[in-house]
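Heads up: the sequence shown runs through residues 4 to 419, numbered per my numbering.
Report on the structure given below.
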Amino acid sequence: MDKLIIEGGVPLTGCMTISGSKNAALPILFASILLDEAVTLRNVPDLRDIHTTLKLLGMLGCSCEYQDGQVCVRPGSLLPEAPYELVRTMRASVLCLGPLLARIGQARVALPGGCAIGARPVDQHLKGLEQMGARFELDQGYILGHCRKLNGAHITFDMPTVGGTENLLMAAVLAEGETILENAAREPEVVDLAHFLLACGARIEGQGTSRIHIAGVSRLHGAEYDVMSDRIEAGTFLAAAGITCGELLLRHCPVNELKAVTLKLQDMGMKITTTSEGVLVNCARPLRGVDVTTKPYPGFPTDMQAQIMSLMCLAEGTSVVKESIFENRFMHVMELERMGAQIRTSGHTALVRGVRRLAGAPVMASDLRGSASLVLAGLAANGTTEVRRIYHLDRGYERIENKLNSVGARIRREKE
Ligand code: EPZ
Numbered sequence: 004m005d006k007l008i009i010e011g012g013v014p015l016t017g018c019m020t021i022s023g024s025k026n027a028a029l030p031i032l033f034a035s036i037l038l039d040e041a042v043t044l045r046n047v048p049d050l051r052d053i054h055t056t057l058k059l060l061g062m063l064g065c066s067c068e069y070q071d072g073q074v075c076v077r078p079g080s081l082l083p084e085a086p087y088e089l090v091r092t093m094r095a096s097v098l099c100l101g102p103l104l105a106r107i108g109q110a111r112v113a114l115p116g117g118c119a120i121g122a123r124p125v126d127q128h129l130k131g132l133e134q135m136g137a138r139f140e141l142d143q144g145y146i147l148g149h150c151r152k153l154n155g156a157h158i159t160f161d162m163p164t165v166g167g168t169e170n171l172l173m174a175a176v177l178a179e180g181e182t183i184l185e186n187a188a189r190e191p192e193v194v195d196l197a198h199f200l201l202a203c204g205a206r207i208e209g210q211g212t213s214r215i216h217i218a219g220v221s222r223l224h225g226a227e228y229d230v231m232s233d234r235i236e237a238g239t240f241l242a243a244a245g246i247t248c249g250e251l252l253l254r255h256c257p258v259n260e261l262k263a264v265t266l267k268l269q270d271m272g273m274k275i276t277t278t279s280e281g282v283l284v285n286c287a288r289p290l291r292g293v294d295v296t297t298k299p300y301p302g303f304p305t306d307m308q309a310q311i312m313s314l315m316c317l318a319e320g321t322s323v324v325k326e327s328i329f330e331n332r333f334m335h336v337m338e339l340e341r342m343g344a345q346i347r348t349s350g351h352t353a354l355v356r357g358v359r360r361l362a363g364a365p366v367m368a369s370d371l372r373g374s375a376s377l378v379l380a381g382l383a384a385n386g387t388t389e390v391r392r393i394y395h396l397d398r399g400y401e402r403i404e405n406k407l408n409s410v411g412a413r414i415r416r417e418k419e
């Protein structure tokens, strides 16, 4: 297992290019199961989760090639089984359920189980697919699903679930008749999936709103598609500029999809300007504390909660963070405290009292965004920080140490 060793205290300056979005690329890759022609995807990030997905697609009968951010998926004769060995390493594997039922009327997908940030059930996925005519049983930890065909339905989610909306959207594009998804997730990654499906001949309206209307078609054709840029990677690098008092120009930064984040960073005292070259961010003054509550899009993303907390640790005054999406997403708190942060948690709320400096320390990464928050803290801390167990980071950030080193950071990767 690898660890990152960070020598802190260097203001980051220069230019970075934002990669393709992991959370948009994953559902789009699973959507390729729906097509009966080859698809070419560009701007696909070179990440562990992407390679896990390509492996799973291979096991499901597709043939996949990845080269320099471009993926070609060719349909084959589909098999229904997504085995536990792959699903347990990546919860998004459950996104093959809707496409498999739509294409071959059967699926055997390992139940993903809980994960570090919370229980994360898939009841909304199953309930919606049942309304479309699928039947499920649980067999030795596997969801067994089957249907003669899927029919359009009027589905109202109990909460706006990103994965649930994506699974149902993929199922509905090939279902017989019309489907309406109410209380749907409005995240930009859901919209990107809809745009990909539209490019393949699907009929969808209302993506980006909480009511999506889908008219089923009998087949989808191949397409070439550019995946959107990663708004969470971009948000993490904006935070890196803030925490090191640096100045960065971010190319391909999806600034319109990051409004809730940029507004908070500006409230903290950062200057963020959109230029013809990209988004310019700098921070000349000490950061100020702010309050943040995570919400479904367009609210403040839970995937940026840990990173903004690192900034709050060094901001003047007291900040309050309320995590309203996942029940256990404060695992970075104890690690930040080991670096000198002053944080008190009570249930879903964290109270952060800003300190003048953080001190480098060995810390343990526990989930993807929590790991990113420790890297940010390490960039600003005095001395050396060792971030251990960074395989989480490699699931979601493309060559993070190379990108940060190219703007002045001093990070090296070592085997533990
Ligand atoms: C997606 O997860 C993202 N993953 C997560 O990204 C992100 O944190 C999350 O959306 C919220 O924005 C991918 O896109 C691959 P949800 P997802 O279904 O789809 C509850 C990252 O760091 N719920 O919107 O699994 C659930 O427990 C990550 O990149 C049910 O109760 O999230 C949670 O509390 C991790 N029943 C809430 O809804 C269900 O059937 C939102 O979850 C489904 C969800």
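We treat Cβ as the ideally placed atom computed from N, Cα and C, and that holds for glycine.
query: If we call anything under 8 angstroms between Cβ atoms a contact, is Asn285 one with Glu250?
result: yes
Given Arg1 as reference, the closest of Val194, Gly219 and Leu81 once Cα atoms are compared: Any answer about residue 1 is impossible in this case: the structure gives the chain only from 4 up to 419.
query: With burial defined as no fewer than 16 other Cβ atoms inside 10 Å of the residue's Cβ, what is the status of Ser24: buried or exposed?
result: buried
task: State yes or no: is the C-beta of Val74 nearer than 7 angstroms to some heavy atom of the ligand EPZ?
output: no
- request: Would you check if the distance between the CB atom of Leu317 and the CB atom of Ile246 is smaller than 8 angstroms?
  value: yes
- request: Starting from Thr159, follow its DSSP beta bridges and name the residues at the other end.
  value: DSSP lists Glu185 as partners of Thr159.
Sequence ranges, beta strand (DSSP E) only - wholly within the stretch 368-406, length at least 3: Those beta strand (DSSP E) runs which fall completely within the stretch 368-406 and span 3+ residues are 387-391.
- prompt: Can you give the Cα-Cα distance for Leu201 and Gly225, rounded to whole angstroms?
  reply: In a straight line, the C-alpha of Leu201 is about 11 angstroms away from that of Gly225.
query: Can we say the stretch 261-272 touches the stretch 396-403, given the rule of at least three CB pairs closer than 8 angstroms?
result: No, because fewer than three Cβ pairs between the stretch 261-272 and the stretch 396-403 fall closer than 8 angstroms, the two stretches do not touch.
message: Is Thr164 near the ligand EPZ - that is, is its Cβ less than 7 angstroms away from at least one heavy atom of it?
response: Yes; taking the cut-off as 7 angstroms, the Cβ of Thr164 has a heavy atom of the ligand EPZ nearer than that.
message: Per the DSSP calculation, Tyr145 is bridged to which residue(s)?
response: BP columns for Tyr145 point to Ala113 and Asp142.
query: Is it right to say Arg288 is buried, meaning 16 or more other beta carbons lie within 10 angstroms of its own, or is it exposed?
result: exposed
- request: Could you pull the start and end residues of the beta strand (DSSP E) that Leu251 belongs to?
  value: Glu250 to Arg254
query: CA-CA distance, Leu114 and Tyr87?
result: Cα to Cα, the separation comes out at about 8 angstroms.
query: Regarding Val125 and the ligand EPZ, is the C-beta to nearest heavy atom distance less than 7 angstroms?
result: Answer for Val125: yes, Cβ within range of the ligand EPZ.
- prompt: When the distance is taken between beta carbons, is Thr164 closer than 8 angstroms to Gln210?
  reply: no
- request: For the stretch 56-76 and the stretch 234-244, state whether three or more C-beta atom pairs, one from each stretch, are separated by less than 8 angstroms.
  value: no
query: Can you list the alpha helix (DSSP H) stretches of 4 or more residues lying completely in the stretch 272-360, in chain order?
result: 308-316 and 334-341
- prompt: How is Thr247 classed by DSSP in three states: helix, strand or coil?
  reply: coil
- prompt: If you compare alpha carbons, which of Lys298, Arg91 and Val258 is closest to Arg189?
  reply: Lys298
task: Note the first and the last residue of the continuous beta strand (DSSP E) segment covering Ile107.
output: First-last for Ile107: Leu100 to Ile107, but that is the alpha helix (DSSP H), not the beta strand (DSSP E).
field: Arg214 CB to nearest heavy atom of the ligand ATP below 7 angstroms
entry: This structure does not include the ligand ATP; its bound ligands are the ligand EPZ.
message: Measuring alpha carbon to alpha carbon, tell me which residue in Glu260, Met315, Glu280 and Leu253 is nearest Val410.
response: Leu253
task: Keeping to the same chain, check which residues put their C-beta closer than 7 angstroms to that of Ala237; ignore five residues upstream and five downstream.
output: Excluding positions up to five away in sequence, the list reads Ile21, Leu253, Cys256, Pro257 and Leu261.
- request: Return yes when at least one heavy atom of the ligand EPZ lies under 7 angstroms from the C-beta of His198, else no.
  value: no
- request: Measure the C-alpha to C-alpha separation of Arg151 and Val230 and round it to an integer number of angstroms.
  value: 33 angstroms
- request: Answer yes or no: do Leu15 and Ala384 have a C-beta to C-beta separation smaller than 8 angstroms?
  value: Not a contact, by the Cβ cut-off of 8 angstroms.
- prompt: Say the cut is 7 angstroms; is the CB of His224 nearer than that to a heavy atom of the ligand EPZ?
  reply: no
message: I'd like to check one pair, Phe199 with Ala34: are the Cβ atoms closer than 8 angstroms?
response: yes
- prompt: Quick one, which of Glu340, Arg359, Gly363 and Phe329 has its alpha-carbon nearest Thr352's?
  reply: Checked all of Glu340, Arg359, Gly363 and Phe329; the closest Cα to Thr352 is Phe329.
- request: Grab the span of the beta strand (DSSP E) containing Gln73 for me, first residue to last.
  value: Gln73 to Arg77
task: Go through the stretch 186-211 residue by residue and report every complete run of the beta strand (DSSP E) that reaches 3 residues or more, in order.
output: 206-208
- prompt: With distances taken from CA atoms, which of Tyr228, Leu407, His395 and Thr43 is nearest Met93?
  reply: His395
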